[in-house]
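Input: a single structure, listed below in structure tokens.
In my numbering, the protein residues as written are 33 to 396.
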């Protein structure tokens, strides 16, 4: 019933139920508590319940004090005051400030002046779903909460605000270049960490080369990157090379044809052409055997699972393959898989930043 949804600072973006099982010690045997608390209160509360003090240092370095406060008092007393009377919110430019049952909130419209935004005011005690905007009736309360948000934002490194052009998500620290270099993975190694894997393919052209020795009857997974939410995998099924390209749940299968004994190199070549599209080719011993055009580019949250070599662990790229063959381990000799990251798509990453800068200079 709460207004708006994920990412927003209205109640639909962050108001969630919480069920706590304490075992014993609740005077009423359990029940509903309506005190406002924040996710940062969970750690202090758990420590309080188990009787453990928060560490003040680790490895010789001081540990920052938790931002939250224990709310164990409200477990034993339904009328206990909230231990978290105010909280600021910010997400991609949306802002909100809660204080003692009141909430001031603004919904950011991307690439518009911040000065044109209008804050709403809601009494969450009487109107938890924010159906009535009281800003015109209580302008002094709006001013109070907006000022409180400003102070909290400066104190907690909220600025600069996201103006909606996605620049914050495009900027990368200098050391990130190390994660975009050529990388080699061998069978038997654990699933490569998600972020590390993603940097090799995110919004860019890339090649995946499988070095192997194919014999008659070999079958299984050569390489898999991703899961049911999106990804790609190379398989050998019934003697044929198969590319499964999972475009966020929409599966495309590219048949690479029979795979001859003695094959030593299989390459998946992906060209990022922009507009969230890619072209793919399959090469066997340097000969193009199949391809597809305008497949959905994989970026950001897909692939969400890292790279597997010689197996497809956990959530599979292809559910059809999983149902038929399980994790489908490679049966033959597989030396290694090499990733060669290429150029970014024309409208991605640093290239998009360059476009934005060029556009901005026209107004200077």
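Glycine is no exception: its CB is placed at the ideal position from the N, C-alpha and C atoms.
Residue of the options minimising C-alpha distance to residue i
i, options, result
"residue 108", "66, 98, 121", "66"
"residue 104", "95, 93, 97, 116", "116"
"residue 176", "118, 224, 192", "118"
"residue 323", "291, 292, 293, 277", "277"
"residue 355", "260, 293, 183", "260"
"residue 143", "126, 359, 181, 131", "126"
"residue 180", "121, 320, 222", "121"
"residue 241", "247, 262, 266, 234", "266"
"residue 325", "313, 331, 317", "313"
"residue 174", "199, 292, 134, 188", "134"
"residue 236", "244, 114, 381", "381"
"residue 244", "280, 291, 83, 283", "291"
"residue 328", "284, 371, 347", "284"
"residue 106", "88, 59, 37", "59"
"residue 162", "221, 44, 39", "44"
"residue 194", "39, 88, 361, 390", "39"
"residue 293", "271, 210, 302", "271"
"residue 33", "160, 390, 92, 213", "160"
"residue 214", "35, 393, 231", "231"
"residue 246", "295, 383, 353, 210", "295"
"residue 185", "114, 367, 128, 347", "128"
"residue 275", "53, 352, 210, 172", "352"
"residue 187", "99, 208, 165, 172", "99"
Assumed close pair residue i, residue j - CB separation to whole angstroms, cut-off 8 angstroms
i, j, result
"residue 273", "residue 289", "7 angstroms"
"residue 146", "residue 226", "Incorrect: roughly 34 angstroms between the Cβ atoms, too far for contact."
"residue 304", "residue 376", "7 angstroms"
"residue 68", "residue 170", "Rounded, the Cβ-Cβ distance is 19 angstroms, inconsistent with contact."
"residue 349", "residue 264", "6 angstroms"
"residue 153", "residue 167", "4 angstroms"
"residue 199", "residue 385", "7 angstroms"
Assigned exposure category for residue i - 16 Cβ within 10 Å defines buried
i, result
"residue 158", "exposed"
"residue 219", "buried"
"residue 319", "exposed"
"residue 341", "buried"
"residue 50", "exposed"
"residue 333", "exposed"
"residue 64", "exposed"
"residue 280", "exposed"
"residue 371", "buried"
"residue 148", "exposed"
"residue 221", "exposed"
"residue 76", "buried"
"residue 48", "exposed"
"residue 212", "buried"
"residue 56", "exposed"
"residue 110", "exposed"
"residue 71", "exposed"
"residue 61", "exposed"
"residue 286", "buried"
"residue 262", "buried"
"residue 114", "buried"
Contact under 8 angstroms by Cβ, residue i with residue j
i, j, result
"residue 369", "residue 255", "yes"
"residue 365", "residue 223", "no"
"residue 363", "residue 250", "yes"
"residue 373", "residue 238", "yes"
"residue 257", "residue 297", "no"
"residue 150", "residue 140", "no"
"residue 253", "residue 344", "yes"
"residue 73", "residue 101", "yes"
"residue 46", "residue 137", "no"
"residue 378", "residue 306", "yes"
"residue 95", "residue 89", "yes"
"residue 310", "residue 302", "yes"
"residue 233", "residue 79", "no"
Any chain B beta carbon closer than 8 angstroms to residue i
i, result
"residue 367", "No chain B is present in this structure, which holds just one protein chain."
Length at least 3, wholly inside the stretch 186-242: the beta strand (DSSP E) runs in chain order: Runs found: 215-217.
I'd like the ranges of any alpha helix (DSSP H) spanning at least 4 consecutive residues and lying wholly in the stretch 302-367. Taking only runs of at least 4 residues, the alpha helix (DSSP H) segments lying wholly in the stretch 302-367 are 351-357.
Which runs of the alpha helix (DSSP H) spanning at least 4 residues fall entirely within the stretch 41-127, listed in chain order? List check, alpha helix (DSSP H) in window: 74-82, 104-108.
If we require 3 or more residues per run, which beta strand (DSSP E) segments fall completely within the stretch 245-305? 252-259, 262-269, 272-279, 282-290, all fully within the stretch 245-305.
Could you tell me which uninterrupted beta strand (DSSP E) segments, each at least 3 residues in length, are contained entirely in the stretch 138-183, listed from first to last along the chain? Counting only unbroken stretches of 3 or more residues, the beta strand (DSSP E) elements lying wholly within the stretch 138-183 are 152-155, in sequence order.
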